[in-house]
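K.L.:
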Amino acid sequence: MQALGRVYTGFLYLMAGIAGAMLLWLMVSVIVSVTMRNLGLQPFAWLFTSAEYALLYMTMLGAPWLVREKGHVHIELVTAALPGPLRRVVSRGVAALCVLVCLVLAWKGADLVATNLARNDYDVRAYYFPRWMLTISFPVCFGLMAVEFSRFVFGDDLMHSGEAGIHE
Amino acid sequence: MEWYEALALLLGSIIGLMAIGMPVALAFLAANIVGAWVFMGGERGISALLNNGLGSLTSFALVPIPLFLLMGEIFFHTGLGARMFNAIDRLMGKLPGRLSYVTVLGGTGFSTLSGSSMGSTALLGSLMVPEMSARGYKKHMSIGPILGTGGLAIIIPPSALAVLLATLARIDVGALLIAGIIPGLILASFYIATIWVQTRIDPTAAPAYEVEHMPLGQKLLLLARDVIPMLSVMVIIVAMMVGGIVTPSEAAAFGALGVLILAVVFRCLTWEAIKKSVVGAMRVTLMAYLIVFGSATFSQLLAFSGASRGLINWATGFELAPIAMLCVMFAVLLLLGMFMEQISMMLLTVPIFFPLAQTLGFDLIWFGLIMLLALEISFTTPPFGLLLFVMKGVAPPETTMRDIYVSAFPFMGCSLLLVVLLVMYPQLALWLPGL
Amino acid sequence: QETLTAVHAFPETLIYTQSFFEFVEKVNAAGEGVVQIEVRGGPEAIGMFQQPDAVRDGIVDMVYTPGSFYAGALPEKDAMVTSNLTAVETRANGGTEMIDQIHQEKMGVKYLGWFDSGVCYNLWTRNAPEFDADGNLEVEGLKLRGNAVYNAFFTNYLGAQVIDLPTTEVYSALERGVVDATGWTQIGLIDLKWNEFLNYRIEPCFFSTDLGVIVNLDRWNGLSDEARTILQDVAIQHEKDSVEALRTKRDEDFAALEEGGMQVVELEGEARANYLEAARSTTWERMKGLMAEHPMGDGLYDELIAKFYDLSAE
Ligand code: NA
Ligand code: NA
């Protein structure tokens, strides 16, 4: 069980690491493409397209890590006004609602991947890129996010601090 | 379902979910699942939601934000920022609130030329807010001006949003751009006046410590060593944009590169600094982009369900005097602006508002500028003002949303005052394009 | 009475959207008590590139969109892109019927009609175009704005330095000199105000617009015979009407542009033939390759181009 937990955590951070690499790739791809263009060369079209796709992969692969870091902003209005015990219940309830949303999206995301494969869908930009290679990020992202949010449902740590304002 | 029922369902669910403390991005996703289920025919609506999110996120227009954030973070974590602001502090003497003025002047120059309010908020926010907080500025003295200048980007040319508005409304692009110059400068001067008033009312808002006297030679040395190199990174990327070497969307990458090179030159680039910068830029970007992913469909549901169209038709259906009609249209824009993103709003309102403005006898260039001001204000109106969340991401951890709203209000007031001035003196907008 | 929901790919003020509204009005007049179309909005209601999937999935019943927006599902749309015919001729020779069958089979949608056809694309440049000794266009150093529709032609044949930009960014890119040439349809340059920067139009024009109405197939089959007949008849009539309306509009636009100083430069003789040949053959090649990857195969390829391209018309 513990070994499984370590593998899972490793995977979560691996995804976050890839997200960070995507951010650096944005910079590199733009610089290379502009430099080529200004030297009178034909910039590779995949530089541009890969930057657009990098935005998706970055957001989807990094989002579960950000849940663990409590980095998704929320507003503490109701939770700040409630007494301690009730606040804990509400906080766990909100986290449970997040788990539900993520599970629905993970399930429909997997569905979408299956549809894309069945229909042989392509994303058409400079190239014809198999759509499932983009949509596969949905079940991964929302599946991991569901796990991360469930830690705030069942774990010791709460998502809400109870201090008024907005938190990340 | 009637339009007001659809509107109540959609706005009610998003406001309710955000109020009980659901993360903003998840609140949008949850509201969208409900909305997609009701208006898009159940389960299959949720696939549409995911497809929409994919489409909105994989857009090159979003590339500059993480890169401007990266640029600001590198500035901060390598200590280059501290170096520059120390120098500016010492050069400017004891003027209270000097860094706030620097923010307005620099921000006006930069956001104006970059034309991207999200990008310039990201850059200025990550650059200025941590430094100014460290120097004892109260939060509103850094956050307010930055949110204000972010909005200026779309009024003063060049401005992609103004071009799009003019194209949709079939008015002269050049005239609308030029019409924004004088009002934009007036707005910037309002901002400066606001800061001056704020430092007068509350002298503790900005640190007013004594600065020791420095001989001119030392000042010049400081300027040449600690200010000009940093400033030149900005100047170079602006020059690259103006010179047509890069598009505004591409400029941010060179900004980040420029700061990296500077850090190497000043021998302050460490692996630790790079890692912290990437993580810092990532935190804000991921948070903001999951909101973009979630909110993409929300604007569309408002349109697809007929809720926003119903509201517009209802509000403009009254027979009112032209000036009252202008107020109604402005109010509709502000209301929609709380929940919708700017381009969807333009697509929805332009085909109704511009013909109406014409029958009311308004000058269309002047009306276009008023509309841009409404769009500008909507960038910073709660609950859905993406700039507010970007700012939250870059501000020090103890900053609350309330701090950010309170900081934004005086600067939104400036924009409203400008609208009043434009109504009273249309020539402020129309004189330049008429030449 | 049946009501079909509809969305359109482009903003409401664009001429092509106006043409779709005319079609809707005609249907609603002819279909009173039988079938009505309810327009739910444009790209603000469903994203432009998500609309084809939305009609496939039955979220909306009808979409007015360029075929190029669903090129990934239906590469055969390139037959319309490269066409030198109008919908009137392809309706008569069975080409439209064939495209409809492919739509039904591959996407589960009914191809109701090809509107606003007969409008082609030109290359527009800021500076006077230059030609080599054989009269071919010199693209060396031309900063050309491209997109997925014509990149096969621009890059593979012309060898141009293509810069991909969304339509909304082209104005400021022209203004700053990031690009100095672009392809665009014969109509619409004035609406986008690009004529402030572009001074030359290069003839001949190539390609064609590929805007059409697609309807969810289950919804279509579920309609009464009467409703289907009304929709199909009105669509066929609008195919014809829109060709004529847009021809008039094109002539007006050209006259206005020329009055504003737009100069027309023509490729001649063999250079002209090579230019047109390259535009269609690079794109056909792409189409054939993609068709072959699909289980349906590329068996219809020859027949399809025969129906959409009249070689004798050059
Ligand atoms: Na600007
Ligand atoms: Na807003």
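Residue numbers (the working numbering), protein chains in the order written: chain U, 1 to 168; chain V, 1001 to 1435; chain C, 2001 to 2314. No residue lacks a Cβ here, since even glycine has one placed at the ideal position from N, Cα and C. All values derive from a computational prediction rather than experimental measurement.
Tell me whether the stretch 1020 to 1033 of chain V and the stretch 1284 to 1295 of chain V touch, counting them as touching only if at least three CB pairs, one residue from each stretch, are closer than 8 Å.
P.N.:
yes
K.L.:
Do Gly162 (chain U) and Ala95 (chain U) count as a contact pair if the criterion is CB distance below 7 Å?
P.N.:
no
K.L.:
If we require 4 or more residues per run, which alpha helix (DSSP H) segments fall completely within the stretch 2004 to 2074 of chain C?
P.N.:
2015 to 2030 and 2051 to 2056
K.L.:
Determine the burial state of Asn1052 (chain V): buried for a count of at least 16 other Cβ atoms within 10 Å of its Cβ, exposed for fewer.
P.N.:
buried
K.L.:
Taking its Cβ as the centre, do 16 or more other Cβ atoms sit within 10 Å of Ala1213 (chain V), making it buried, or is it exposed?
P.N.:
Note that residue 1213 (chain V) is His in the sequence shown here, rather than Ala. Exposed, because fewer than 16 other Cβ atoms sit within 10 Å of the Cβ of His1213 (chain V).
K.L.:
Classify Thr1359 (chain V): buried if its beta carbon has 16 or more other beta carbons within 10 angstroms, exposed otherwise.
P.N.:
exposed
K.L.:
How about Ala2273 (chain C): is its C-beta nearer than 7 Å to some C-beta of chain U?
P.N.:
no
K.L.:
List the DSSP bridge partners of Asp2310 (chain C).
P.N.:
Its beta-bridge partners do not exist; DSSP assigns none.
K.L.:
Please list the partners that His2103 (chain C) has in chain U, where partner means a Cβ-to-Cβ separation under 9 Å.
P.N.:
Result: empty, since nearest Cβ-Cβ is about 13 Å, beyond 9 Å.
K.L.:
Taking only beta-carbon atoms, is Val2265 (chain C) less than 7 Å away from chain V?
P.N.:
no
K.L.:
Are Gly1151 (chain V) and Glu1341 (chain V) close, meaning C-beta to C-beta below 7 Å?
P.N.:
no
K.L.:
Determine the burial state of Trp1271 (chain V): buried for a count of at least 16 other Cβ atoms within 10 Å of its Cβ, exposed for fewer.
P.N.:
exposed
K.L.:
Could you round the C-beta distance between Leu105 (chain U) and Phe138 (chain U) to whole angstroms and report it? I think they count as a contact, below 8 Å.
P.N.:
7 Å
K.L.:
Taking DSSP as the reference, what is the three-state secondary structure of Thr1297 (chain V)?
P.N.:
helix
K.L.:
Of the choices C:Gly2058, C:Thr2003, C:Thr2017 and C:Phe2023, whose alpha-carbon is the least far from that of Ala2033 (chain C)?
P.N.:
The displayed chain sequence assigns Gly, not Ala, to residue 2033 (chain C). It is C:Thr2003 whose Cα lies nearest to the Cα of Gly2033 (chain C).
K.L.:
Quick check: the Cα distance between His14 (chain U) and Ala2128 (chain C), rounded to an integer number of angstroms?
P.N.:
Sequence inspection shows Leu at residue 14 (chain U); the His mentioned does not correspond to that position. Whole-angstrom Cα-Cα distance: 54 Å.
K.L.:
Under a Cβ-count criterion, where at least 16 other Cβ atoms within 10 Å of its own Cβ denotes burial, should Lys1275 (chain V) be classed as buried or exposed?
P.N.:
Here Lys1275 (chain V) is exposed: its Cβ has fewer than 16 other Cβ atoms, across all protein chains shown, within 10 Å.
K.L.:
Between the alpha carbons of Ala2256 (chain C) and Ala1321 (chain V), how many angstroms are there, rounded?
P.N.:
Here the C-alpha atom of Ala2256 (chain C) lies approximately 37 Å from the C-alpha atom of Ala1321 (chain V).
K.L.:
Between the C-alpha atoms of Ala118 (chain U) and Gln2018 (chain C), what's the straight-line distance to the nearest angstrom?
P.N.:
36 Å
K.L.:
Any idea if Ala1303 (chain V) is buried or exposed, counting beta-carbon neighbours within 10 angstroms, 16 or more meaning buried?
P.N.:
buried
K.L.:
If you draw a straight line from the alpha carbon of Glu168 (chain U) to that of Val73 (chain U), how long is it in whole angstroms?
P.N.:
Here Glu168 (chain U) scores only 45 on pLDDT, less than 50, and its place in the model should not be relied on; the value that follows carries that caveat. Answer to the nearest angstrom: the Cα atoms are 5 Å apart.
K.L.:
To the nearest angstrom, report how far apart Glu2012 (chain C) and Gly1097 (chain V) are at their CA atoms.
P.N.:
Going from the Cα of Glu2012 (chain C) to the Cα of Gly1097 (chain V) covers about 48 Å.
K.L.:
How far does the alpha helix (DSSP H) with Leu1164 (chain V) in it reach, from first residue to last?
P.N.:
Ala1160 to Ala1169
K.L.:
Spatial neighbours of Glu2203 (chain C) within its chain, please: C-beta separation below 8 Å, excluding the five flanking residues on both sides.
P.N.:
Asn2122, Val2264, Val2265, Glu2266 and Leu2267
K.L.:
What alpha helix (DSSP H) runs, 4 residues minimum, are completely inside the stretch 2211 to 2283 of chain C?
P.N.:
Here the runs fully enclosed are 2217 to 2222 and 2225 to 2259.
K.L.:
My assumption, with CB atoms under 8 Å, is that Met1141 (chain V) sits in contact with Ala1205 (chain V). Please give the rounded CB distance.
P.N.:
About 5 Å; that satisfies the 8 Å criterion.
K.L.:
Which of the residues in the stretch 138 to 159 of chain U, read from start to end, lie with their CB under 7 Å from any CB of chain A?
P.N.:
Absent from the structure is chain A; the protein chains it does hold are U, V and C.
K.L.:
List, in chain order, every chain U residue whose beta-carbon is nearer than 7 Å to that of Thr1058 (chain V).
P.N.:
Glu52, Tyr53, Leu55 and Leu56
K.L.:
Okay, do the stretch 1055 to 1064 of chain V and the stretch 49 to 57 of chain U touch, 3+ Cβ pairs below 8 Å being the bar?
P.N.:
yes
K.L.:
So, using beta-carbon positions, are Ala1357 (chain V) and Phe1367 (chain V) closer together than 7 Å?
P.N.:
yes
K.L.:
Between the Cα of Pro1145 (chain V) and those of V:Leu1177, V:Cys1414 and V:Leu1421, spot the shortest distance and give me the residue it belongs to.
P.N.:
V:Cys1414
K.L.:
For Arg131 (chain U), count neighbouring C-beta atoms within 10 Å of its own C-beta (all shown protein chains included) and say buried if the count is 16 or more, exposed if not.
P.N.:
buried
K.L.:
Run through DSSP, which three-state label would Glu168 (chain U) get?
P.N.:
Model confidence at Glu168 (chain U) stands at a pLDDT of 45, short of 50, so the residue's coordinates are unreliable and nothing is read from them.
K.L.:
In the stretch 2185 to 2199 of chain C, which residues sit with their C-beta less than 9 Å from some C-beta in chain V, listed in chain order?
P.N.:
Asp2191, Leu2192, Lys2193 and Glu2196
K.L.:
Could you please give the first and the last residue of the uninterrupted beta strand (DSSP E) stretch that includes Leu2112 (chain C)?
P.N.:
Val2109 to Trp2114
K.L.:
Compute the Euclidean distance between the alpha carbons of Gly143 (chain U) and Gly109 (chain U), then round it to the nearest angstrom.
P.N.:
Take the alpha-carbon of Gly143 (chain U) and the one of Gly109 (chain U): they are about 10 Å apart.
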